[in-house]
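Novice: Chains as they are written, first to last, in my numbering: chain S, 8 to 342; chain P, 8 to 342. Here it is, the structure, as structure tokens.
Structure follows, in structure tokens:
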């Protein structure tokens, strides 16, 4: 049995820089036609020059694989002139908790102070991509406590496309249908795991990510909208590689590396729930429509055949390392 | 400034066996006059012969330190004859989630089926020590979901002394005042940390334990009753050593090793909250009264002087490793 995915897209991807970028970019580029590249390098990407330099480095690291890096910049106050310059280079602007929205109670005021930039983005049709967590709050409540800020943003800027990135709660899912201009991405791991998988038995460092995996009812709500390919939801892996020694150590870094195996694992999951027909929409069509993309025409064929996930990709341990998946990559054709 | 603690007791202690026992027992025996030794070795302690053998090994491992090992056995169905034989050797019988109470919904029925043993224990005045977690439930709910079973036990066996071991929730604290026959132990770490300290930033393997640390309001409720030396609460470290490679690895084992530094750290905590006067009761008097003990007369003097916690004790990383505490051990005198 074969499954063809046309131009699969990863709408939330960390490619790092330097040596790590060189190692891991091709593992996204092999199976995806493109991805939204998060700007949180050190320093963060926040100008055309930094952006084009990064984009070139990504292209280089992808080698012979055709892959469109949809770029983003870090949210800060931008002038109209700056935004006009940036617009053709970016798919959106990324707001991080370390920026305007951090620190619980004053998050909202901070967003108000950034309202001139948000207003300009709304007018110019530049999406706002948000890591929606109240960073100082209790780890299991951080996303839930941010939801009122999503609502306030959605109400204040009704024409602004706002993407709730890597959502992890049933509460965030509900907002998708409550506000026309709220969209979301969801990762592979949050469709599969809960905090029990991370810390219910032995602690599993390779499942430790931020936002942290939540409860069964959250995972189930996310899975439900993914399986039906909700019109405003896209796949975004949030794939975030760390070298093994930063995961299996005294202070384990947060981040799951799923990019190389994401499509095969999603095929297995969607097949299990009798929803394979919706996978194309979840991993590509919804994003193309909502973000108005014209992706590389890349035909990715998966085949129903055992695939043993490697223990690591050049020192980075992937999601499901050592597990056998029921789908393999068969071929990739560019047209 | 000096602080004298008479016969401090650790009412919940894991001393392991074999090489680990040899290494770590003396780190409890140095500052504590005695401790309640949990029976979950492999295989668990559940007979007089296993118990006396274990007690001898502990005595041996304590070397020149005087230390009373208050023994326990694993809960199973015991006959009256067996209990009569055990009674003089034990301070209580330990019920684990892997036993009668596991597996959420049917936990209660299982306890009913063990009621003949519980009835005998009640008649004979043998305390029941309970690890109160519904092991199959969501990790943050496991203790909360067990509370109704504590209530049922307390109601069904009103003369049975039931100790809620290593409590971690505000809900368990409330039960202390609701049922005369419910008692509790609490660890050092649960007076200090929440899940945020474990997994809010980088994951902290040396703070990872079961029951997992909960929310601020839980920590605060525990601290409140500890600081006032609640009449039915005792200190029980649940100190549970693992070699470093079992903590800083791919699947981190649960357990905090606090025994060697517990008294000094407690002194610092109680002093901070202006409750030093209650420390003697919390670490000794309440236990002596409630468990009817006649401990070794061991006068432990702490002195207000910086104490740099070692990075490890023979390969086991302690709580607060590398931190400087404000109290040191001054002297220990047996009378």
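Don't be surprised by glycine CBs; every beta carbon is placed ideally from N, CA and C.
May I ask which residues mark the beginning and end of the alpha helix (DSSP H) holding residue 121 of chain P?
Specialist: Locating residue 121 of chain P in the second chain gives position 114, counting from the first residue. That residue, residue 121 of chain P, is in no alpha helix (DSSP H); it is neither H nor E in DSSP.
Novice: Please name the residue or residues paired with residue 171 of chain S in a DSSP beta bridge.
Specialist: Numbered from its first residue, the first chain carries residue 171 of chain S at position 164. Its beta-bridge partners are S:137 and S:191.
Novice: With residue 64 of chain P and residue 24 of chain P assumed to form a contact (beta carbons below 8 Å), what rounded beta-carbon distance in angstroms separates them?
Specialist: Here residue 64 of chain P refers to the residue found at position 57 of the second chain. Here residue 24 of chain P refers to the residue found at position 17 of the second chain. Confirmed, Cβ separation roughly 7 Å.
Novice: Excluding the 5 residues flanking residue 53 of chain S on each side, which residues of the same chain have their C-beta closer than 8 Å to its C-beta?
Specialist: Walking along the first chain from the start, residue 53 of chain S turns up at place 46. Counting only Cβ-Cβ distances below 8 Å, and skipping sequence neighbours, we find 46, 80, 81 and 83.
Novice: As a quick exercise: from S:78, S:36, S:62 and S:89, pick the residue whose alpha carbon is nearest that of residue 70 of chain S.
Specialist: Counting from one through the first chain, the residue named residue 70 of chain S turns up at place 63. Per the Cα distances, S:36.
Novice: Taking 8 Å as the threshold (beta carbon to beta carbon), is residue 69 of chain P in contact with chain S?
Specialist: Along the second chain, read from residue 1 onward, the residue named residue 69 of chain P stands at position 62. Output row for residue 69 of chain P: interface = no.
Novice: Along chain P, in chain order, which residues have C-beta atoms closer than 8 Å to that of residue 223 of chain S?
Specialist: Residue 223 of chain S sits at position 216 when you count from the first residue of the first chain. Neighbours of residue 223 of chain S on chain P, chain order: 145.
Novice: Residue 237 of chain P lies in the alpha helix (DSSP H); which residues open and close that run?
Specialist: On the second chain, residue 237 of chain P is found 230 positions in, with the first residue counted as 1. From DSSP, residue 237 of chain P is part of no alpha helix (DSSP H); its letter is neither H nor E.
Novice: Checking contacts by CB at 8 Å: is residue 132 of chain S closer than that to chain P?
Specialist: For the purposes of this step, residue 132 of chain S is taken as residue 125 along the first chain, with counting starting at 1. Taking Cβ atoms only, chain P never reaches closer than 8 Å to residue 132 of chain S, which makes this a no.
Novice: From the DSSP output, which residues share a beta bridge with residue 219 of chain P?
Specialist: Translated into the one-based positions of the second chain, residue 219 of chain P becomes position 212. None, per the DSSP bridge assignment.
Novice: Please confirm if residue 256 of chain S has its CB atom under 8 Å from at least one CB of chain P.
Specialist: Sequence index remark: in the first chain, residue 256 of chain S carries index 249 (1-based). Yes, its Cβ sits closer than 8 Å to a Cβ of chain P.
Novice: When Cβ atoms are compared, which residues of the segment 201–215 of chain P fall closer than 9 Å to chain S?
Specialist: Taking 9 Å as the Cβ-Cβ cut-off against chain S, the residues of the segment 201–215 of chain P that qualify are 201, 202, 203, 205, 206, 207, 208, 209, 210, 211, 212, 213 and 215.
Novice: Hey, is the segment 234–241 of chain P in contact with the segment 230–248 of chain S, meaning 3+ C-beta pairs nearer than 8 Å?
Specialist: Segments in contact, no.
Novice: Report yes or no: is there a C-beta of chain P within less than 8 Å of the C-beta of residue 11 of chain S?
Specialist: Here the question's residue 11 of chain S lines up with position 4 in the first chain. Not an interface residue.
Novice: Between residue 78 of chain P and residue 58 of chain P, is the Cβ-Cβ spacing less than 8 Å?
Specialist: The sequence position of residue 78 of chain P within the second chain is 71, counting from 1. The sequence position of residue 58 of chain P within the second chain is 51, counting from 1. Yes.
Novice: Less than 8 Å separating the beta-carbons of residue 170 of chain P and residue 136 of chain P?
Specialist: The count along the second chain starts at 1 and reaches residue 170 of chain P at position 163. The count along the second chain starts at 1 and reaches residue 136 of chain P at position 129. Yes, the pair counts as a contact, with Cβ atoms nearer than the cut-off.
Novice: Give, in chain order, every residue of the segment 234–260 of chain S whose Cβ lies closer than 7 Å to some Cβ of chain P.
Specialist: Listed in sequence order: 255, 256, 257, 258, 259 and 260.
Novice: Note the first and the last residue of the continuous beta strand (DSSP E) segment covering residue 370 of chain S.
Specialist: Missing from the structure shown is residue 370 of chain S; chain S here goes from 8 to 342 and no further.
Novice: Taking 8 Å as the CB-CB cut-off, is residue 31 of chain S touching chain P?
Specialist: Counted from its first residue, the first chain places residue 31 of chain S at position 24. Judged by the 8 Å Cβ criterion, residue 31 of chain S is not in contact with chain P.
Novice: Rank P:120, P:177, P:13 and P:160 by C-alpha distance to the C-alpha of residue 228 of chain P and give the top, closest one.
Specialist: One-based indexing of the second chain puts residue 228 of chain P at position 221. The residue with the shortest Cα to Cα distance from residue 228 of chain P is P:177.
Novice: Quick one: which chain P residues come within Cβ less than 8 Å of residue 219 of chain S?
Specialist: Within the first chain, the letter at position 212 stands for residue 219 of chain S. Near residue 219 of chain S (Cβ distances below 8 Å), the residues of chain P are 206.
Novice: Using the C-alpha atoms, what's the distance from residue 20 of chain P back to residue 132 of chain P?
Specialist: Looking up residue 132 of chain P in the second chain gives position 125. Looking up residue 20 of chain P in the second chain gives position 13. So the two alpha carbons sit approximately 22 Å from each other.
Novice: For residue 138 of chain S, does the count of other Cβ atoms within 10 angstroms reach 16, so buried, or fall short, so exposed?
Specialist: Here residue 138 of chain S corresponds to residue number 131 of the first chain, with the count starting at 1. The residue is buried, with at least 16 neighbouring Cβ atoms inside 10 Å.
Novice: Where does residue 86 of chain S land, buried or exposed, given buried means 16+ other C-beta within 10 angstroms?
Specialist: Indexing the first chain from 1 puts residue 86 of chain S at position 79. When all chains shown are included, residue 86 of chain S counts as exposed.
Novice: Could you tell me the boundaries of the alpha helix (DSSP H) in which residue 56 of chain P lies?
Specialist: Here residue 56 of chain P refers to the residue found at position 49 when the second chain is read from its first residue. Element bounds for residue 56 of chain P: 55–69.
Novice: Within the chosen definition, does the segment 245–265 of chain S reach the segment 205–222 of chain S through at least 3 CB pairs nearer than 8 Å?
Specialist: As far as the Cβ criterion goes, the segment 245–265 of chain S touches the segment 205–222 of chain S, which means the pair count is three or higher.
Novice: May I have the straight-line CA-CA distance separating residue 194 of chain P from residue 33 of chain P, to the nearest angstrom?
Specialist: Taking the first residue of the second chain as position 1, residue 194 of chain P is located at position 187. Taking the first residue of the second chain as position 1, residue 33 of chain P is located at position 26. For residue 194 of chain P and residue 33 of chain P, the distance between alpha carbons rounds to 19 Å.
Novice: Short check: CB of residue 60 of chain S to CB of residue 76 of chain S, under 8 Å?
Specialist: In the first chain, the residue the question calls residue 60 of chain S occupies position 53. In the first chain, the residue the question calls residue 76 of chain S occupies position 69. No, the pair does not count as a contact, with Cβ atoms beyond the cut-off.
Novice: Among the candidates S:30, S:12, S:10 and S:11, whose CA atom is the shortest distance from the CA of residue 321 of chain S?
Specialist: Counting from one through the first chain, the residue named residue 321 of chain S turns up at place 314. Here the closest residue by C-alpha is S:30.
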